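S.K.:
In my numbering, the protein residues as written are 241 to 391.
Shown next as structure tokens:
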């Protein structure tokens with residue numbers, strides 16, 4: 241993997257200094273963290289004077305990322321509640337714009353959180369590693385044979 245698993249305090253180019261709290265490049269997830277006492281749905285005054293709730297703030301950050309980094313998921317969290325937004329389906333399941341998971345209910349929602357990581361099939365990984373080794377061997381074999389026929 242050429243990128244690190246996550247970027248903390250990733251800078252975005254707004255008219256003022258702004259930073260994404262957490263960005264997961266491999267799964268295209270942006271996480272906006274707030275203090276435990278912050279209501280995740282209530283707009284708060286931003287450093288530029290605008291009124292945004294954490295999702296709107298995260299969405300503004302996401303819009304400033306280069307195309308290859310555009311996010312699929314936005315998660316807002318205040319350490320007791322997680323709100324998960326699927327940007328491919330902004331209307332959401334059952335007409336809900338987000339999935340709400342309270343911290344105490346987290347173990348019951350493992351399936352819904354699988355978007356946070358990429359699961360790799362170990363068999364495919366082994367086959368890829370073997371293919372690379374075979375390719376390297378064939379290259380060495382070719383180099384050895386070609387030396388015999390150059391003269």
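Note that the Cβ used here is the ideal one computed from N, Cα and C, for glycine as well. Everything numeric in this text was worked out from a predicted model, so none of it was measured.
In the stretch 266 to 301, which residue ranges form an unbroken beta strand (DSSP E) of at least 3 residues, counting only runs that do not cross its ends?
M.R.: Listed in chain order, the complete beta strand (DSSP E) runs (minimum 3 residues) inside the stretch 266 to 301 are 269 to 273.
S.K.: Pull up the distance between the alpha-carbon of residue 347 and that of residue 325, whole angstroms please.
M.R.: Straight-line Cα distance between these residues: approximately 19 Å.
S.K.: Of the residues 268, 305 and 342, which one's Cα is nearest the Cα of residue 318?
M.R.: Here the closest residue by C-alpha is 342.
S.K.: Bridge partners of residue 370, per DSSP?
M.R.: Answer is none; residue 370 lacks a bridge partner.
S.K.: Considering only their Cβ atoms, is the gap separating residue 328 from residue 312 smaller than 8 Å?
M.R.: Yes.
S.K.: Can you pull the DSSP bridge partners for residue 340?
M.R.: Partner(s): 323.
S.K.: Measuring alpha carbon to alpha carbon, tell me which residue in 279, 349, 284 and 272 is nearest residue 301.
M.R.: Selected option, being the one with the closest Cα: 272.
S.K.: In this structure, how does DSSP classify residue 314 when only helix, strand and coil are distinguished?
M.R.: Strand at residue 314.
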